[in-house]
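**Q** First the structure, then my questions, so here it is.
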Amino acid sequence: MAWRVAVGLMVAICVEVTTATNPGLVVRVTDKGLDYACQVGMAVLQKELSTIKLPDFSGTFHIKHFGKGTYSFHDLVIRNFQLPSSQLVPVPSVGLKLSISNGFIQLDGQWSAKKAFIKDHGSFDMKVEGLSVAVDLALGRDSSGRPTISVSNCNSHISNVRVHISGKLSWLLDLFHKKIDAEFRKVLEGKICPIVSESVNTKLQPILQTLPVTVKIDHVAGLDYSLAGTPTATADSVDVNLKGEFFDLAHRATIPFPPPVIGFPADHNLMVYFGVSEYVFNTASFVYQAAGALIFNVTDDMIPKDFQVRLNTSSFGTFIPQVEKMYPNMLMKMMMSTPSAPFLNITPGNLTVTPALDIQAFAVLPNSSLAPLFLLDVTTEVSAKIAVNSTRITGSLTLSRLQLTLKHSDVGPFSVSLLNIAVNYYVSHILLPQINDILGKGFPLPVLDHIELTNLILKPQQDFLQLGANVNYG
C-alpha cells in the first residue's frame, strides 16, 4: 500500500495546471521526491505481487515411439519475489512512468503425469529471472478538484524461466521443458499488470481523496485547495497548481485581483517545494475585511494598569480638554477597523504590510450608548514573519511605523500628535496581539493524511514564499 500512498502523495501535491489563470499555490516534486515515492512503494508492491494466485494448469505431451500422455502442475506457491531495481519518473504528455527491471521470482509446487497405466508425481521448483514491468500512469482531475490516477498502459516481460522437476518420470517432462517454461511465463506475465491496475484503481484513488480540497478555517472563511486544471509533468519534476484562495463561507464572491506569476527557482536539493503566493494571504485579508471581521474594539479594561494614559475622558482630557468638558468622568471606547483589506507584499528576503486603520473614539454614556468623539486615519507599516511546520503556515506582525491624521472631530479641532504615544501603545500592545493570536493559528498545507514534512526551509521570493521540505509517510 505504501507505493500507492507514495505515488498518491506525489500526484496529489505535484500536478501542473495548464490554464491561463495563475495558481495561488504551486507545489513542485523533484526527482528526489519521486525517488522516495518509488523507494517507499516498491517494498509493498513487491509484497502484493508475491501474493499472486497461480492457477493449476495441465496439458498433453506426445513423444515419438512413446505415445501420448498427460501432465498437470498444481499447488503452485510463490516463495520469493524480489524487485531490486525500479524507477519512477515524470514523462511530459504522459504523466508518470514506473519501470521495474531485474525482477526475480522463486516458486514451487506439485506435478503429476500419466502415460497409459504408468503414473507418477513429484515436486518442482521454478526460478523466474529478468522480470520487467513498464507502467504508464495518467494523471487527471475529477469534478471535485481532486487528483486522479489511472494505468494508461502496462507491459510485463520475463526473460528466463527455469523449471526443475523431481520424480521418476521427471526425465519425461524434461523432454518438453520448453513448453512448460512457456506456459509458466504466459501465466505469470498475464497476472502482473491486472494486479497493478487493480491496485491503482481500488486503493490509490481513495488515498487521493484525502487531499483537502476545501478547508474550513473558522466561522468566517474557508480555503480552496482544488486543482485548477488537468495534471501534467515536466522533464525533471512534477508540479501541482492549486487555486489557493480564501472564500467567505456565507457568501462566496469573486476575488477582484488576480494571482501573480510564481517563478520557481531551479532547486532540487529537497523532495518537495511549495510556492505560496502572496495571493493566498491577500485573499484571506480581502475575505475577512469584507465580512467585517477586521473590526477590533479597545476598552479601558484591556489596558495594563501600569500604562498612564487610561481610556477615559479624564485621561484624554489632558490632550483634548473639550473631551473631558463635554463628557466628564466617562469611560471611552476605540473601534479600530480597516477601510480596505491590508495586503501582504513579498519580495526577496522581505515581507511587509502597510495597513490603513480607522480609529473611531467614543465616550461611553451612562446608559451605555456611545457618543462619537473623533475619527483618526492611521497609516502604518508592519513587518510580517511567516513560520511553517509539517502541517501549517502561521504568521505574526510587528509594528514598524505609525502616523496619525484627523479625519473628523465631534469635539472640535485638536493636535493629533499629542495622541501618538497612546495610539501607538494601543495598536502595538492590544490590537496586534489580538491579530497575532489569529495569525498564530495559521492555515493548513495541502497534504494527504499521514504525511509529515521534514527539513523545512522558508525563503521569500518575488511575490511568493518558497517552502522546501522532505517527505515522510507514516
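The sequence shown stops at residue 473 when you use numbering that gives the first Met the number 0, and every number in between is there.
We treat Cβ as the ideally placed atom computed from N, Cα and C, and that holds for glycine.
In angstroms with no decimal places, state the Cα-to-Cα distance between residue 42 and residue 114.
**A** Their backbone Cα atoms lie some 45 Å apart in a straight line.
**Q** With distances taken Cα to Cα, identify the nearest neighbour of residue 462 among 362, 304, 426 and 347.
**A** Comparing Cα-Cα distances from residue 462 to each of 362, 304, 426 and 347, the minimum goes to 347.
**Q** Using DSSP's beta-bridge definition, name the partner residues of residue 380.
**A** DSSP lists 400 as partners of residue 380.
**Q** Report yes or no: do three or more beta-carbon pairs, one from the segment 222-239 and one from the segment 84-96, lie closer than 8 Å?
**A** Touching, yes.
**Q** What residue does the alpha helix (DSSP H) around residue 107 start on, and which one ends it?
**A** Here residue 107 belongs to no alpha helix (DSSP H); instead the beta strand (DSSP E) covers 94-114.
**Q** Just checking my contact of residue 89 with residue 101 at CB under 8 Å: how many whole Å lie between their CB atoms?
**A** Between residue 101 and residue 89 the Cβ distance is about 23 Å, and since that is not below 8 Å, they are no contact.
**Q** Rounded to the nearest angstrom, how far is the Cβ of residue 276 from that of residue 32, given a contact under 8 Å?
**A** With 8 Å as the limit, residue 276 and residue 32 do not qualify as a contact, their Cβ atoms being about 21 Å apart.
**Q** Hey, how far is the Cα of residue 251 from the Cα of residue 239?
**A** Going from the Cα of residue 251 to the Cα of residue 239 covers about 24 Å.
**Q** For residue 68, which beta-bridge partners are listed by DSSP?
**A** 60.
**Q** Does residue 197 pass the burial test, meaning 16 or more other C-beta atoms within 10 Å, or should it be called exposed?
**A** Exposed: under 16 other Cβ atoms inside 10 Å.
**Q** Between the segment 197-216 and the segment 145-155, can you find at least three pairs of beta-carbon atoms closer than 8 Å?
**A** Touching, per the Cβ criterion.
**Q** Under the rule that 16 or more other beta-carbon atoms within 10 Å means buried, what is residue 223, buried or exposed?
**A** By the 10 Å Cβ count, residue 223 comes out buried.
**Q** Have a look at residue 3 and residue 40 and give me their C-alpha separation to the nearest angstrom.
**A** Below a pLDDT of 50, predicted positions are generally treated as unreliable, and residue 3, at 45, falls in that range; the measurement from the model is reported next regardless. Cα to Cα, residue 3 sits roughly 6 Å from residue 40.
**Q** On the DSSP letters alone, give me the boundaries of the alpha helix (DSSP H) that residue 334 sits inside.
**A** Run containing residue 334: none in the alpha helix (DSSP H); it sits in the beta strand (DSSP E), 331-336.
**Q** Give me the Cα-Cα distance between residue 121 and residue 57, rounded to the nearest whole angstrom.
**A** Roughly 15 Å separates the two Cα atoms.
**Q** Comparing C-alpha positions only, which one of 467, 78, 312 and 396 sits nearest to residue 267?
**A** Answer by Cα proximity: 467.
**Q** Counting along the chain, where does the alpha helix (DSSP H) carrying residue 284 start and finish?
**A** Here the alpha helix (DSSP H) through residue 284 covers 277-289.
**Q** With a threshold of 6 Å on Cβ separation, who are the neighbours of residue 126 within its own chain once the five nearest residues in sequence on each side are excluded?
**A** Result list for residue 126: 105 and 161, in chain order.
**Q** Kindly indicate the opening and closing residues of the alpha helix (DSSP H) around residue 315.
**A** Unbroken alpha helix (DSSP H) run through residue 315: 312-315.
**Q** So what does residue 405 bridge to, in DSSP terms?
**A** For residue 405, which the question treats as bridged, DSSP gives the partners 375.
**Q** Curious, which full-length beta strand (DSSP E) runs of at least 3 residues does the segment 16-44 contain?
**A** Correct list: 24-28.
**Q** When you compare each of 350, 345, 374 and 330 to residue 365 by their alpha carbons, which one comes out closest?
**A** The candidate whose alpha carbon is nearest that of residue 365 is 330.
**Q** Under DSSP, the beta strand (DSSP E) around residue 146 begins and ends at which residues?
**A** Note, residue 146: beta strand (DSSP E), 146-164.
**Q** Using DSSP with H/G/I as helix, E/B as strand and the rest coil, what is residue 274?
**A** Strand at residue 274.
**Q** For residue 381, count the other beta carbons within 10 Å of its own beta carbon; 16 or more makes it buried, fewer makes it exposed. Which is it?
**A** It is buried - the Cβ of residue 381 has at least 16 other Cβ atoms within 10 Å.
**Q** Below 7 Å CB to CB, which residues in the same chain sit around residue 443 once its five sequence neighbours on both sides are set aside?
**A** Once the five neighbours on either side are set aside, the close Cβ partners of residue 443 are 211, 214, 390 and 391.
**Q** Could you tell me whether the Cβ atoms of residue 307 and residue 339 are closer together than 8 Å?
**A** No, they are not a contact pair.
**Q** Where does residue 196 fall in DSSP's three states?
**A** Three-state result, residue 196: helix.
**Q** How should residue 470 be labelled, buried or exposed, when 16 other C-beta atoms within 10 angstroms of its C-beta is the threshold for buried?
**A** So residue 470 ends up on the buried side.
**Q** Do you know whose CA, among 397, 203, 278 and 45, lies nearest residue 25's CA?
**A** Considering only alpha carbons, the answer is 278.
**Q** Out of 284, 291 and 45, which one is the CA nearest neighbour of residue 344?
**A** Checking every option, the nearest Cα to that of residue 344 belongs to 284.
**Q** Can you tell me whether residue 413 is helix, strand or coil according to DSSP?
**A** Three-state DSSP puts residue 413 in coil, outside helix and strand.
**Q** Quick one: Cα of residue 455 to Cα of residue 388, how far?
**A** Each residue's Cα considered, the two are about 7 Å apart.
**Q** Tell me, to the nearest whole angstrom, how far the beta carbon of residue 259 is from that of residue 21; I am working on the premise that it is less than 8 Å.
**A** Between residue 21 and residue 259 the Cβ distance is about 7 Å, and since that is below 8 Å, they are a contact.
**Q** Note down, in chain order, each residue of its chain lying with its Cβ closer than 8 Å to the Cβ of residue 354, except the 5 sequence neighbours on either side.
**A** Around residue 354: 337, 341, 379 and 381.
**Q** Indicate the three-state DSSP secondary structure (helix, strand or coil) for residue 432 in the structure shown.
**A** The answer is helix: DSSP assigns residue 432 an H, G or I state.
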